[in-house]
Each structure stands twice: as structure tokens, then as C-alpha cells.
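**Student:**
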Amino acid sequence: MALIEVKNLIKNFDGKNILRGVNMELHEGRSKVVMGPSGCGKTTLLRCLNLLIAPTAGQIIFKGNDITRPGVDIRRLRQDIGFVFQHFALYSHLTVEENVTLGLRKIKKMKKKDAVEKATYELERVGMFDHRNKYPAQLSGGQKQRAAIVRALAMDPAVMFLDEPTSALDPQMSREVVTVINKLYLDNITMLCVTHDPFLAKYISDSIVFMHEGVVVAEDIAERLFYDHDDPRIRQFFLSVIDHR
Ligand SMILES: Nc1ncnc2c1ncn2[C@@H]1O[C@H](COP(=O)(O)OP(=O)(O)O)[C@@H](O)[C@H]1O
Ligand SMILES: [Mg+2]
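Next comes the structure, spelled out in C-alpha cells:
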């Protein structure tokens with residue numbers, strides 16, 4: 059059974075259909091990347107999936123339950139989803155370790171010792187343990203994003219959503235973050251990641267979903283999607299993103 063199943067999802071903003079019937083599945087232990095031109099609805103899709111915005115029509119089946127129905131426990135759903143954004147939303151007045159343990163203590167109600175132990179494990183996993191006592195302002199962009207990833211991961215979510223996790227970073231820092239997300243991929247962490255970066259997409263996905271104007275128009279592995287695709291919309295997109303680097 060799929061962890062997430064999206065059926066004919068429609069989202070309308072101001073009378074305009076932004077998502078026009080998205081169909082997609084994500085299985086446990088799998089990682090999918092969503093690509094497509096700016097404005098095609100990728101972020102809107104992620105925001106619908108954790109009910110940050112209400113879908114207009116269609117179904118989202120999460121762990122077997124249709125979460126578009128009334129009476130859904132949104133808090134519970136959000137605990138199942140670790141969200142990482144383009145701009146690392148760390149608390150600036152807390153150290154890296156405190157950023158990671160905050161949710162463990164407040165939401166998971168863990169004792170301080172257990173929370174620190176869990177944070178230590180997760181920080182080591184992404185090579186951030188040595189930076190645990192630093193404040194966000196003392197970190198590079200890549201280190202901040204790694205800390206944001208750890209903070210989400212430490213909550214043991216059923217799935218990680220990442221929305222353009224490398225697009226605010228220079229190539230060197232971006233590579234650091236790709237390495238970390240690739241490690242999660244190899245650990246079979248379930249992920250749904252939006253990116254324009256073909257390098258990231260290739261190294262962290264089982265398959266890539268290509269969206270265009272609010273619908274999924276193709277799903278395939280990187281090698282078959284990136285080069286000389288039959289669909290001119292896909293060919294044009296990858297010509298632009300691959301040529302510019
Ligand atoms: N809250 C909103 N209100 C009105 N329009 C929105 C809102 N959020 C997104 N949109 C519009 O939906 C379209 C898709 O946006 P988005 O999902 O952010 O695209 P992507 O992430 O693929 O670049 C854009 O035209 C955007 O202006
Ligand atoms: Mg977006």
C-alpha cells in the first residue's frame with residue numbers, strides 16, 4: 059500500500075486552477091523528486107499534502123485515510139511529515155542542538171537526556187555533531203540546511219518533504235547538502251523533494267515526477283527524463299536547467 063496516494067487533486071486560487079488533477083503515489087522507503095517549470099504548482103502540491111492549504115477537490119490518501127475529509131487530526135498529520143524549506147527556518151536564539159531537541163521535548167515529550175541522545179545520533183548522521191553548540195548565525199548556509207534537515211528527521215516522521223533544499227546555496231554548500239540527502243536516500247528514508255537541481259534529483263530519487271501547468275505529465279528515472287525526451291516540454295526544461303551549470 060502506498061504511504062501517500064494523490065488522486066485527481068485540484069487546487070484553485072482566485073478562480074484559477076493551479077493544480078488541475080494531480081495523480082501520484084509515494085511508497086514507504088521510497089524517494090520521489092518533483093520537477094517542473096516555476097509556477098507549475100510544485101510548492102502548492104506539497105502544501106496541500108500537509109494541509110497547509112485546503113485542496114479544492116480530489117483525494118489525498120495518507121496511511122490509508124483520506125485526509126481531505128472533515129475531522130482529520132491535522133496536528134497528528136503534521137507530526138508524520140518533516141518539512142524542509144528553501145530557507146532554513148532555524149530558531150536564531152537556539153543552538154543547533156537546542157533547535158533539534160526542541161520538538162523532541164515539546165511535542166514528543168522526551169526527557170532532556172533522551173532528547174539530547176537522539177539529537178546526538180541524528181547530528182552525527184549528517185556530520186553536524188561538532189557544530190552542535192553553535193548558533194545559526196555562526197553556521198554556513200550548507201550547515202544551516204543540514205541542521206534544518208536533522209531537526210525534521212529527529213522527529214522520525216513517516217515522510218520528509220523538501221522544497222528546493224539547495225536552491226539558496228552556492229555550488230559548494232549545495233554539494234554538502236546533496237551528500238546528506240543522498241545518505242538519507244540510501245538509508246531508505248521516505249522522501250518527496252521538489253528541486254530544479256538535476257544533480258540533486260538524480261542522486262536522491264527512485265523516480266522523478268515532471269509537472270507542467272498543474273498536472274503530472276511524466277514519471278521516470280533521471281537518465282530517461284533528462285536527455286532527449288520525446289515530450290518537448292520536458293526536453294526544453296532540462297535543456298535550460300542542465301545547460302546553465
Ligand atoms: N496563496 C496563493 N494565492 C494565490 N495564488 C497562489 C498562491 N500560492 C501559489 N499561487 C500561484 O500558484 C501558482 C503555482 O505556484 P507554486 O506552487 O508556488 O509553483 P512552483 O512551486 O511550482 O514554482 C503560481 O502562479 C502562484 O502565483
Ligand atoms: Mg515552489
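Note that my numbering has the sequence shown beginning at 59, numbered continuously upward.
Cβ atoms here follow ideal geometry from the backbone N, Cα and C, with glycine treated the same way.
(1) Using a Cβ-based criterion (distance less than 7 angstroms to any ligand heavy atom), does C251 qualify as near ligand 1?
(2) Going by C-alpha distance, which of I76, K65 and H189 is nearest L152?
(3) Could you tell me which of D172, A147 and L109 sits nearest to V130, measuring between CA atoms?
(4) Does F295 come out as helix, strand or coil in the three-state DSSP assignment?
(5) What is the DSSP secondary structure of H287, reduced to helix, strand or coil?
(6) Span of the alpha helix (DSSP H) holding D172?
(7) Return the bridge partner residues of F187 from the DSSP annotation.
(8) DSSP puts D278 in a beta bridge; with which residues?
(9) Alpha carbon to alpha carbon, how far is T159 from S232? Give it in angstroms, no decimals.
(10) From the DSSP output, read off the bridge partner residues of F120.
(11) Could you tell me which uninterrupted beta strand (DSSP E) segments, each at least 3 residues in length, are contained entirely in the segment 64-123, listed from first to last along the chain?
(12) Is T126 near ligand 2, in the sense that its beta carbon is under 7 angstroms from a heavy atom of that ligand?
(13) Would M213 and K100 qualify as a contact pair, given that the criterion is a beta-carbon distance under 8 angstroms?
(14) Return the residue from the list T178, A280 and I139 that minimises the CA-CA distance to T154.
(15) Looking only at its own chain, which residues have a Cβ that is under 6 angstroms from the Cβ of I62, when we skip the five neighbours before and after it?
(16) For F141, which beta-bridge partners are listed by DSSP?
(17) Could you say if the segment 233-246 and the segment 59-79 meet the contact criterion of at least three C-beta pairs nearer than 8 angstroms?
(18) Evaluate S89 with the Cβ neighbour count: other Cβ atoms within 10 Å of its Cβ, from every protein chain shown; 16 or more gives buried, anything less gives exposed.
(19) If distances are taken between C-alpha atoms only, which option among Y193, I262, K166 and V275 comes closest to P134?
(20) To the nearest angstrom, how far is the alpha carbon of R303 from that of V80?
**Tutor:** Based on what the coordinates show:
(1) Relative to ligand 1, even the nearest heavy atom lies 7 angstroms or more away from the CB of C251.
(2) Measuring from the Cα of L152, the nearest candidate turns out to be H189.
(3) Among D172, A147 and L109, the Cα nearest to that of V130 belongs to L109.
(4) DSSP places F295 in helix when its eight states are reduced to three.
(5) Here H287 carries a coil assignment [DSSP, helix/strand/coil].
(6) Boundaries of the alpha helix (DSSP H) around D172: K170 to R183.
(7) In the DSSP output, where bridge partners are listed per residue, F187 has none listed.
(8) Partner(s): I266.
(9) Using only the alpha carbons, I get a separation of about 25 angstroms.
(10) Paired residues: I62 and N123.
(11) Along the segment 64-123, the beta strand (DSSP E) occurs as fully enclosed runs of 3 or more residues at 74-84, 89-93 and 115-120, listed in sequence order.
(12) Checking the Cβ of T126 against ligand 2 gives no.
(13) No; because the gap between Cβ atoms is not below 8 angstroms, this pair is not in contact.
(14) Checking the sequence, you will find Val at residue 154 rather than Thr. Ranking the options by Cα distance to V154, first place goes to T178.
(15) Taken in chain order, the residues that qualify are L84 and F120.
(16) Beta-bridge pairing links F141 to F219.
(17) With a cut-off of 8 angstroms, the segment 59-79 and the segment 233-246 do not count as touching, because too few Cβ pairs lie within range.
(18) Per the 10 Å Cβ criterion, buried.
(19) Rather than Pro, the amino acid found at residue 134 in this sequence is Arg. The option with the nearest alpha carbon to R134 is K166.
(20) Residue placement at R303 cannot be trusted, given a pLDDT of 45 that sits under 50; the coordinates are not used to answer.
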